[in-house]
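*Asks:* Can you keep this structure in mind? I'll have questions shortly.
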Amino acid sequence: MMRVKEFFSNDFVKTLISYILIILAVVLIRVFLIDPFRVDGSSMNTTLSDGEIMILNKIVYKKKDIQRFDIVVINEGDKKIIKRVIGLPGETIEYKDNKLYINGEKINDPYPSTVTDDFSIQDIGHTKIPGDCYFVMGDNRKDSLDSRYNDVGVIKKNMIMGRAKLVIWPLNKFGIVE
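Reminder that position 67 of the sequence shown reads as 66 in numbering that gives the first Met the number 0, one-by-one numbering, no gaps.
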């Protein structure tokens, strides 16, 4: 019969501690730093496709501000969605004749994969984007439930989980997306 002391030998304890440290490191990385995120739906076509897996950077916005055209993952409580930041706090947003206007100035928006219907921030009851909020849209403007609709509206900063910039699956699409 094996004695307890032999069972818990130095080699066993060292191996067990190694495995515990590895598991702890993986958990801490996923909770605080990065996390895989699966694109669900066609709202970001053609930039991103349904089923692609990206790495969500959870700490980037602790060190820098959210930028126009960043791709972000948003926590809507029961689900997480991925969209592109179009408008920043304090700005007015308007699409007219498929052109983006920020504070009345025409801005180049190279990301839509479909025509963007005319829209104004006033259509959802705001004169400008409230402080600490962002206006987000999918790149597939014809098939995206986004800030243009009261169901989503402007997004509070605390709902933005982080930036998604790296596709890791499928392997033929591996790389940085803008």
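Note that the Cβ used here is the ideal one computed from N, Cα and C, for glycine as well.
What is the C-beta distance between Met136 and Ile73, in whole angstroms, given that I count them as a contact (C-beta under 8 Å)?
*Replies:* The Cβ separation is near 12 Å, so there is no contact.
*Asks:* Do Phe134 and Val204 have their beta-carbon atoms positioned less than 8 Å apart in this structure?
*Replies:* This structure leaves residue 204 out entirely; the chain is present only between 0 and 177.
*Asks:* Quick test of the definition: if touching needs 3 or more C-beta pairs under 8 Å, does the region 43–62 touch the region 94–103?
*Replies:* Fewer than three Cβ pairs drawn from the region 43–62 and the region 94–103 lie within less than 8 Å of each other, which leaves the two stretches out of contact.
*Asks:* Which value, in whole angstroms, describes the spacing of the CA atoms of Gly49 and Lys127?
*Replies:* It is worth fixing the name first, because residue 49 is Asp in this sequence and not Gly. Their backbone Cα atoms lie some 32 Å apart in a straight line.
*Asks:* Check Tyr18 in the structure and name its three-state DSSP category.
*Replies:* helix
*Asks:* What would DSSP say about Phe118, mapped onto helix, strand or coil?
*Replies:* strand
*Asks:* Return helix, strand or coil for Arg140, following the three-state DSSP convention.
*Replies:* helix
*Asks:* Could you please give the first and the last residue of the uninterrupted beta strand (DSSP E) stretch that includes Tyr100?
*Replies:* 98–101
*Asks:* What distance in whole Å lies between the Cβ atoms of Ile33 and Ile54, which are believed to be in contact at a cut-off of 8 Å?
*Replies:* 5 Å
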